[in-house]
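Numbering (the numbering used here), first residue to last: 127 to 267.
Structural data, given as structure tokens:
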């Protein structure tokens, strides 16, 4: 893993698995400074996929999208304006765009484009939404 791209440029699956294997340790270490992180990550990894799996049609509620954004911002650089932008989306619009995005999967580019229609949602948050949906598929197989 050399160069600016780091892990993203690495095609060796064992490198990816090694990083995945220490994920929980990293979250716990970060959680010592960011108190909400451990609970938010547990919600994202376990509870959100269960909520989505329980719905015949997959979508996120506005409250779930807000919590997803909180999870994302707690993991990285905090930008409160993003949370405000997401909060400005009407509930019906959040459900409509997330439902459409989930239907567009596995076409990731189209799904991300659909989610970008929501205020405050860029590729990183859209990817987090997509991963929550993909975790359902992993659990059903």
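Glycine is no exception: its CB is placed at the ideal position from the N, C-alpha and C atoms.
Simplified DSSP assignment, three categories, for residue i
i           : result
residue 244 : coil
residue 231 : coil
residue 192 : helix
residue 226 : helix
residue 215 : coil
residue 138 : coil
residue 342 : Residue 342 lies beyond the range of the chain shown here (127 to 267); nothing can be said about it.
residue 267 : Confidence at residue 267 is low in this model, with a pLDDT of 45, below 50, so the placement of that residue should be treated as unreliable; the coordinate-derived value is given next. Three-state DSSP puts residue 267 in coil, outside helix and strand.
residue 205 : coil
Residues of its chain near residue i, where Cβ-Cβ distance is below 6 Å and the 5 sequence neighbours each way are ignored
i           : result
residue 119 : Any property of residue 119 remains undetermined from this structure, which presents the chain solely from 127 to 267.
residue 266 : Per-residue confidence for residue 266 stands at a pLDDT of 47, beneath the threshold of 50, marking its modelled position as unreliable; the derived number appears in the next sentence. Correct list: empty, nothing qualifies.
For residue i, the nearest candidate out of the options (CA to CA)
i           : options               : result
residue 160 : 196, 173, 252 and 250 : 196
Own chain residues within Cβ distance below 8 Å of residue i, not counting five before or after
i           : result
residue 209 : 192, 195, 196, 199 and 246
Sequence-distant residues of the same chain with beta carbon closer than 7 Å to residue i, five excluded per side
i           : result
residue 222 : none
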